[in-house]
Each structure stands twice: as C-alpha cells, then as structure tokens.
Amino acid sequence: MMAWLPAALLAVAVGGVGQTAAVPSPPEPSPAASALPEIGRVRVNTTCQTIVEHARIAITNAVHNDRRLLSLATVMDRVSPGATVGEKKVRAIDVLSLWASSIESDAVEAQGAIERLRGLAAASNDEIRKRELKAFADALSGAVARQKFAANEVQRGLFLIGARADVAEARAISDANPFGVTLLAPAPGQTLRAPADAPKLKDIAATLAERIKLIKEDEHEGVRHEVGATSGC
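Read in this note's numbering, the sequence shown has 849 at position 156, and its numbers run on one by one without any break.
The following block contains the structure:
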C-alpha cells in the first residue's frame, strides 16, 4: 500500500559533469507519492483523525527524505568534487550539504509526529490498535532515524572534502604570493595540511546506497502494520 522507496525513484541527469556543473535542487515528491494512502474505509472520529494526521506528517517527511537521499547518492556518484554551480560558482559539495541538512530537519519533524503516534498507541483501549500502532510507529521511527544518520554521514564526508579543497586553495595562494608576504601563519611547529581521511564522493555515495537499503527494510516493516494501526476506526 505505501511503497515509500519505489515511489521515490527518480533520475538525476548529471552525466558528463565537469568542473562547472549545474547541480539540481532536490526534487519534491509528486502528490501521489506524498499523499497518505487510504487505509480501508475509516469511520471519522477524533482518534482516527489524529492518527491519520500524525501519520501523514511522518510518512510525507519520510518520502521527501527518501527522494533526497536517492538524489544525493546519484549526484555524488557522478559529480566532480571540484564542480561549481551557477554564475556565482557555488561549490557543488556545499549545495549537497544543504540537501543533507534538509533531510535532518524533516527527520526531526517526523520523529515528533511518531512520538505522538506512540502516545496514542499507549492510550488506546483497543489491544490490536495498541500493538499495531506501536509497531507501525517503531518501524517508521527506525527508518527516519536511519535517514538522519545517513544525512549526518554525508555532511561529515562533504565537510572533509571541502576542508581538503580549502587547504589546497590556501596553499596555492601562498605559493603564488608575488610579494613574499606571509599569508598563512600556522602555529610554531605546525604545518598546514588537509584532512588525511577525507573520503571520495563516490565512496560516500556507495555507503549511502547501503543505508537506503536498510531504510527500505524498516519502511516495509511499517507497511505490515498500517492496517492494524487503525483497528477499531
């Protein structure tokens, strides 16, 4: 019923990216992808409405994050670390870092909605709903937590790549200094050096692809409990 990851599949056209490339904004899901699917035919009552509303927030954010993660993995696998975007030549890695940051923001909002679903599960007098709604919330929470963790990993990797580029640029400026002025002043006994463990974009993309597989498993587990979550409505 809720095929989150399949609904998030997309194609990011970044083939043949050179040093200057247009990195697209993260695509937003279509209404069909982000809309909460009908769960049977529910009778309208306050509890059911509340469950559906919180589930809608959590699921919509999870769908958005699935799409952004897949976009990140696709672009990082194909773009050059030195690529820039637009007339102002913004670094592509900085744009990608913003994408990852948006995933974290949506994950936080989704977890808030999920906690409210857990509260509703705990307060329910319907044993089936109590059990299934908690299982549904737990599975979705696992997926969202993995999304947030993956976004953190991406941001760390991009930061290290950016730091290495900054050091290389600073070295170039120092080497090209025609007046002999000391432009860089490391502390005594220290040298300016790039992070030794800076990863490659392709490596980050490969790790992210593995994270997406685990997220998909959590989401599929949530699907198993979605009907029981509205038991008694």
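Ideal Cβ positions, reconstructed from N, Cα and C, are used throughout, including at glycine.
- Linking V916 to F829 through their CA atoms gives a straight-line distance of about 7 Å.
- With contacts defined as CB atoms closer than 7 Å, H747 and A806 qualify as a contacting pair.
- The continuous stretches of alpha helix (DSSP H) do not include V772, and DSSP gives it neither H nor E.
- Shortest Cα-Cα distance from G855 to any of T740, R784, I821 involves R784.
- Exposure of Q742 is indicated by the presence of fewer than 16 other C-beta atoms within 10 angstroms of its C-beta.
- Approximately 6 Å separates the beta-carbon atoms of D770 and K895; this is inside 8 Å, confirming the contact.
- Judged by their CB atoms, A898 and A766 are nearer to each other than the 7 Å cut-off.
- For V920, the three-state secondary structure derived from DSSP is coil.
- When the alpha-carbon of V837 is set against those of H913, D787, S790, the nearest one is in H913.
- Sequence-distant Cβ neighbours of G812 in its own chain, meaning closer than 6 Å and more than five residues away, do not exist here.
- The straight-line gap separating the alpha-carbon atoms of I752 and V847 is approximately 22 Å.
- If the five residues before and after G835 are omitted, its C-beta is found closer than 7 Å to the C-beta atoms of D911, all from its own chain and listed in chain order.
- Contact check for L826 and A814: beta-carbon distance about 4 Å, within the 8 Å limit, so the pair qualifies.
- Secondary structure in the region 737-811: the alpha helix (DSSP H) runs of 4 residues or longer, each lying completely within the stretch, are 739-771 in chain order.
- Contact between L851 and L789 holds: their C-beta atoms lie close to 6 Å from each other, under 8 Å.
- The beta carbons of A755 and L833 sit about 7 Å from each other, so the pair counts as a contact at 8 Å.
- With 16 or more neighbouring CB atoms inside 10 Å of its own CB, D799 falls in the buried class.
- Around the Cβ of L762, a 10 Å sphere holds 16 or more other Cβ atoms; the residue is buried.
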